[in-house]
Each structure stands twice: as structure tokens, then as C-alpha cells.
Amino acid sequence: MLKIQKRETTYIKSIKPQYKKSLIYTRLGYSKTKTLLDEQMLSMLDNGIEEAEDLCTVHGGFRILGIKEISESNIALDNGICFKSYDLATFLKGADQVVFMFSSAGNEISLNIQKEINLGNTAYGVILDAAASVIADAGLDWLMDYINLILKREGKSLSNNRYSPGYGDLTLQNQRTLFDALNMSRYQIELTEKYMLIPEKTVTAIVGII
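This is the structure:
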């Protein structure tokens, strides 16, 4: 088992996250109990999900930071990072450390999604897109499970939920803070001027340690 590097990013390659296929159906707007799909559509869904899983090369990383102070709407971390967010301050109440983390499904899946759309296979491209989103999120679940195994030795654990830039009053501009703190450019990830991550199927999150 890898050790947590508390002062730098712990990077993990070739993550094999477990995910629920039902979440992909939900993201596509289908209900397995209410939506009637013909055999052709079901076959397309299954093929798309299987191909997306093959195309996703999930990797991710995390970094632990101490919390110096939390007030009503300000969070100060021990390395000079500050957030101004009432919602995040409420979310981190009771925590003495935070974890920054990211999960990426890689670039190949994004290229194939765009290829299918360019070829006019929009429905299939949408299936790949939905599956890749769920798989990338499942990478964060995998990281949380991994971190919890190590924290258990210290009698600590992660908060059940996670928080990301763009949620509530934590503006998307804060993506830059996580991007820099995690040194994500080192892992073939880019951040655009509009704070979008490339590859597209890359997600970040903040979790409290309690």
C-alpha cells in the first residue's frame, strides 16, 4: 500500500474504480424500472458503457493540508491557501485537516467522444460521455476509500461527502487553487482560462478529515 505524502501530492496510476451502471442510466435520463428500451437501444447502451470502461485510464491524486482557522465564511489552511465560502466553511465544520483530490479518466475517452459526435453518432457519443463522467467520479470514491483505510490507523476518517469548486458559493475560480496545490500539470492535466479542466473527464474535490 502506498504511503500518504502529507506535504505533496500522492499520485496513483491505473485506478480501477467500481461504479454503478444504474448511475449511467440516470445520467442519461433513463429509469431502468420506468423507461422502456428496445433491444437495439439496450445493446447500444451496453456496448457504449463497455467501450467507455476500456477507453478510460483512470488516475488521480490527493494532498492533505492542515486547517489553521475556520470562521463563518473564511477558511485558512496552513500553507497560506484561503477560501472565502460560507458553504465550504459549514461543510468543513469540525474538521482539522482537508484533503484536495482529483480523478481523471484520461484523454483517450474524450477524443473518442468527440470522434463519435463528429461522425454523426451523437447518441453513442452521449452514452460514452455519461459513462466516462460516472467512471471519473468513481475514481474519487476509490481515493476516498483508500485514504480512509490509512486514516483508520489514526482513529480518523473522511467526511462522507465531498465539495467541489462551482458548487454552492464556492466559485469555479477556486479550481485554480486545487490545480496548483495538487500540481496537476505534472500529470498531463491543463486548466483553461475559464477554469475548465482538460482532459474534460477530470474532477476535483475537497474532503474534510474528522
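The numbering of the sequence shown is numbering that gives the first Met the number 0, which starts it at 0 and goes up by one. Where a beta carbon is used, it is the ideal one built from N, C-alpha and C, also for glycine.
Item                                                                                                                                                            : Value
Taking just the CA atoms, how far does I134 sit from Q187?                                                                                                      : 18 Å
Quick check: what's the CA-CA separation for D179 versus I74?                                                                                                   : 17 Å
Hey, out of M143, C81, N147, L139, whose CA is closest to K200's CA?                                                                                            : L139
Can you find the residues in the same chain that come closer than 7 Å, C-beta to C-beta, to L115, ignoring five residues on each side of it along the sequence? : Looking at the sequence provided, one finds Glu at residue 115 rather than Leu. Excluding positions up to five away in sequence, the list reads Y123, G124, L127.
Determine the DSSP secondary structure at N78, reduced to helix, strand or coil.                                                                                : coil
CB-CB under 7 Å to L54, same chain, minus the five flanking residues each way: which ones, in chain order?                                                      : E107, I108, N111
Buried or exposed: which applies to Q96, given that a residue is buried once 16 or more other Cβ atoms fall within 10 Å of its Cβ?                              : buried
Taking buried to mean at least 16 other C-beta atoms within 10 Å of its own C-beta, is Q174 buried or exposed?                                                  : buried
Using beta carbons (cut-off 8 Å, strictly below), is L41 in contact with chain D?                                                                               : The structure shown has no chain D; it contains just one protein chain.
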